[in-house]
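Throughout the sequence shown, residue numbering follows my numbering, covering 13 to 145 in sequence.
Note that the Cβ used here is the ideal one computed from N, Cα and C, for glycine as well.
Owing to the predicted nature of the structure, the values given are computational and were not obtained by experimental measurement.
Okay, structure first, notes after.
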Amino acid sequence: MSARILIIEDNVTNLALMEYLLRAFGYDVVSAADGEAGIAAAERERPDLILMDLQLPKLTGFNSAARIRELDQPRVPIVAVTAFAMVGDRERVMAEGFDGYLSKPIEPETFVTEIEAFLPQDRRAAPRSDPAR
Ligand code: MN
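Written out as C-alpha cells, the structure is:
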C-alpha cells in the first residue's frame, strides 16, 4: 500500500505542486498550513513521512518537528523542505532531529524520487528495479 505523506507548508503554490506530484504517483497526501495544525495532523493521520517547511506561521518547522517527536507514536521520518539557503542550515536541520533536507525550488523531475528515499521499499508507490540486485 502506498504511503501516507503529510505536507506541512504555508505556501499555497509549493503545497499544490507537492500534492500534485505525490498524488500523481498514487500517494495518500494530507496537508497542514501551519505548525500547530501540522502537529495535530501528525497525531491524527499517522503519516509514514512528513515533509516540513521550516518557515511556518505560529510555530517554526524546527519547533513543530520537536513537538512531533514528543508524540506517543512510532518515530516518523521528517524531511525539511525549505528555501533557507544560509550556510550551516543543513547541519542545523540534521542536528535538530530531521531525517533529511530538500531545497526549494521543488524540481518536479526529481522530487518524488528524492522523497521516496525516506520511505521503506514496500511503501513506495512505483516499485522500481533495484540496481543492486
Ligand atoms: Mn513557509
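{"query": "Cβ-Cβ distance between leucine 66 and threonine 94 below 8 angstroms", "result": "yes"}
{"query": "Closer than 7 angstroms: asparagine 23 CB and nearest the ligand MN heavy atom", "result": "yes"}
{"query": "Assigned exposure category for aspartate 84 - 16 Cβ within 10 Å defines buried", "result": "exposed"}
{"query": "Arginine 104 to methionine 13 span [Cα, whole Å]", "result": "33 angstroms"}
{"query": "Separation of proline 117 from leucine 71, as counted between CA atoms", "result": "22 angstroms"}
{"query": "Straight-line Cα distance separating alanine 52 from aspartate 40", "result": "17 angstroms"}
{"query": "Separation of arginine 87 from aspartate 46, as counted between CA atoms", "result": "21 angstroms"}
{"query": "Exposure label - glutamate 128; buried when at least 16 CB within 10 Å", "result": "buried"}
{"query": "Candidates Gly38, Glu48, Ser43 and Leu18, of which the one nearest isoleucine 62 by Cα", "result": "Leu18"}
{"query": "Endpoints, beta strand (DSSP E) assigned at tyrosine 113", "result": "112 to 115"}
{"query": "Start-to-end residues for the alpha helix (DSSP H) that takes in arginine 104", "result": "101 to 107"}
{"query": "Same chain only: Cβ atoms within 7 angstroms of glutamate 48, ignoring 5 sequence neighbours per side", "result": "Lys70 and Leu71"}
{"query": "Closest Cα partner of aspartate 111 within the set Phe37, Ala77 and Ile20", "result": "Ala77"}
{"query": "Option in Phe37, Gly38 and Ala44 with minimal Cα separation from asparagine 26", "result": "Ala44"}
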